[in-house]
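Below is one structure, written out as structure tokens; comments come after it.
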Amino acid sequence: MKTLSSFNFKGKRVLVRIDLNSEVVNGKVLLNQRFKAHAETIKYLKNKKAKVVLLAHQGRPGAKDFTTLKQHAKLLSKFVRVKFVDILGKKSRDEIENLKNGEVLLLDNVRRLKDEFKGNSNNKFVKVLSKYFDYYVNDSFSVSHRKQSSMVGFPKVLKSCMGKTMEKEINALKKLKIKNALYILGGAKPKDNIKLLNNKRRILSCGLFGQLCSIALGINFGAQNKFLKNKLKIVKKNKLKNVEVPNDFAVKVNGRREELRVEEFPSKYEIFDIGEDTIKNYVDEIKKAKVIFLKGVPGDYVNNNFSKGTKEILKAVGRNKGFSVIGGGSSSDAVSKFKIKGINHISLSGGALIDYVVGKKLPGIEALK
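Its first residue numbered 34, the sequence shown is counted upward by one per residue in our numbering.
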């Protein structure tokens with residue numbers, strides 16, 4: 034695949050797909066790490082005297098977080114100056130035609146267009162917009178598992194390459210293909226982690242996912258089984274050959290942290306973290322690993338009484354001399370909260386990350402080949 038260094042962008046109009054999808058709370062769009070990451074690609078193109086137009090989305094039609102990108106433009110302007118315009122009207126087309134070298138436009142939410150969901154180049158959106166551009170850059174690895182027009186349509190009609198953010202993601206994730214990489218899978222989204230289960234991957238399980246693995250192996254937690262009742266059958270025993278499960282857990286007793294070994298369950302108390310013995314065992318495994326992939330946290334890291342598992346595991350990953358990749362929103366938030374140093378790559382992706390790691394072909398990447 035071609036990279037930004039493959040082309041001379043001076044004086045050329047460049048269409049760039051980025052991912053600014055964010056959490057929206059009470060109508061306010063929250064800043065996240067993607068804004069700063071994509072600014073690197075945008076600044077590169079500005080410095081090369083390109084005329085830059087950005088495509089991005091927010092939410093899905095009908096969802097509460099489906100909104101305009103006006104606030105996103107202001108947030109992105111903290112890192113690189115951009116101007117907000119509509120998505121495909123006469124005003125936006127005039128703005129694109131009148132762009133000067135080094136200027137940047139952000140078009141409105143691309144998912145306002147029904148053509149975005151057609152996933153091809155044979156639609157009005159791609160046909161009209163592509164006429165104004167010389168190049169297309171996909172800097173949105175995190176959306177590359179979606180076969181949508183802004184991802185796969187433009188590479189069919191424009192010279193195309195990947196941006197800095199996508200290049201970093203792919204180069205980091207390629208290193209996970211090394212034999213005997215260690216996977217630490219936790220968090221509260223077990224369906225993502227299940228995709229990574231096979232008898233060749235060495236996995237340390239924790240968080241809600243670790244509890245479900247333990248239940249699949251026959252452990253009855255008591256109150257926690259009731260809490261997880263709708264998820265109890267998600268994990269299958271025959272998929273757990275190389276999966277290590279916690280041997281102790283921290284439960285909440287009147288707000289306090291108390292630890293129970295597996296054999297002390299069932300219990301009337303719910304689980305909020307892995308226990309001290311599991312932490313020690315997992316840290317010992319992390320020390321020996323050459324490549325580490327961590328997705329999801331071991332416990333309720335926002336509660337100081339139950340943050341120990343998350344903090345100690347992340348610190349061990351940071352101290353490891355090998356190569357480490359962190360994925361998932363809660364994991365990256367925890368890295369920031371505990372000021373963890375030494376992580377080689379923090380992924381900005383969710384579904385695309387998992388699909389790539391398990392070997393699926395991503396439409397957005399395939400379109401660039």
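Note that CB positions come from ideal geometry on N, CA and C, so glycine has one too.
Quantities reported herein were computed from a predicted structural model and do not represent experimental measurements.
Excluding the 5 residues flanking it on each side, residue 73 has same chain C-beta neighbours closer than 6 Å at 197, in chain order. Contact annotation: the stretch 173–188 does not touch the stretch 212–230, with fewer than three C-beta pairs closer than 8 Å. Counting other Cβ atoms within 10 Å of its Cβ, residue 47 reaches 16 or more and is therefore classed as buried. In terms of CA proximity to residue 143, 88 leads the group 88, 103, 159, 167.
Counting only runs of at least 4 residues, the stretch 320–373 fully encloses the following alpha helix (DSSP H) elements, listed from N- to C-terminal order: 341–352, 362–370. For residue 281, the CB contacts under 6 Å within the same chain, skipping 5 residues up- and downstream, are 292, 294, 308, 310, 311 in chain order.
When DSSP reads this structure, residue 195 sits in a beta bridge with 171. Annotated three-state conformation of residue 283 is strand, per DSSP. According to DSSP, residue 88 shares a beta bridge with 50.
With respect to the 8 Å criterion, residue 81 and residue 43 are classified as neighbours on the basis of their beta carbons. In this structure residue 155 is exposed. Its beta-carbon is surrounded by fewer than 16 other beta-carbon atoms within 10 angstroms. Note: residue 289 is bridge-paired with 286 in the DSSP secondary-structure output. When the Cα atoms are used, residue 71 and residue 35 turn out to be separated by approximately 18 Å. Check the Cα spacing between residue 172 and each of 150, 162, 195: the tightest is with 195. Here DSSP, grouped into helix, strand and coil, assigns residue 162 to helix. Scanning its chain for C-beta atoms nearer than 8 Å, with the 5 sequence neighbours on each side dropped, one finds around residue 250 the residues 270, 273, 278, in chain order. A Cβ-Cβ separation of about 19 Å leaves residue 397 out of contact with residue 85 under the 8 Å criterion.
Residue pairing by DSSP places residue 378 opposite 358 in a beta bridge.
Counting of Cβ neighbours within 10 angstroms places residue 39 among the exposed residues, the total staying below 16. Excluding its 5 nearest sequence neighbours in each direction, residue 119 has C-beta neighbours in its own chain below 8 Å: 125, 140, 141, listed in chain order. If you compare the alpha carbons of 212, 257, 330 with that of residue 302, the shortest gap goes to 257. In the DSSP assignment, residue 300 forms a beta bridge with 255.
In terms of Cα proximity to residue 202, the closest of 384, 380, 387, 400 is 380. Residue 306 has 283 as its beta-bridge partners, per DSSP.
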